[in-house]
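Residue 72 in numbering that gives the first Met the number 0 sits at position 73 of the sequence shown; the count goes up by one each step and never skips.
Backbone N, C-alpha and C define an ideal beta-carbon position, used for all residues, glycine too.
It should be emphasised that the depicted structure is a prediction, and the values quoted were computed from it without experimental measurement.
Beneath this line is the structure, given in structure tokens, with notes to follow.
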Amino acid sequence: MNQCVQNENDSCSQFDELHNKLDRLDHAIRGNGEPGINIRLDRLEQNAIRHARWMWLIAGAGVTSLVNILFSLLRG
Numbered sequence: 000m001n002q003c004v005q006n007e008n009d010s011c012s013q014f015d016e017l018h019n020k021l022d023r024l025d026h027a028i029r030g031n032g033e034p035g036i037n038i039r040l041d042r043l044e045q046n047a048i049r050h051a052r053w054m055w056l057i058a059g060a061g062v063t064s065l066v067n068i069l070f071s072l073l074r075g
């Protein structure tokens with residue numbers, strides 16, 4: 000009988016530990032009032048897209064400038 004009670008208490012404490020760990024993971028992922036992993040990852044992805052667009056814009060401006068300089072040199 001005591002063994003059953005002891006096993007039940009051990010199981011309850013293990014479930015409590017698991018529940019606490021899951022709560023911490025949920026808090027980290029969702030944020031609960033502060034930016035969680037989901038929001039932070041989304042912001043990073045948006046910044047990467049924005050950065051790539053700026054790089055293409057700068058590269059296009061550079062190529063356009065070089066072509067303009069070449070035409071100016073060819074015309075004399």
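If you draw a straight line from the Cα of Gly59 to the Cα of Arg74, it comes to about 23 Å. Under the three-state reduction of DSSP, Asn31 is assigned to coil, being neither helix nor strand. Judged by DSSP in its simplified three-state form, Gly75 adopts coil rather than helix or strand. Take the alpha-carbon of Ile36 and the one of Phe14: they are about 25 Å apart.
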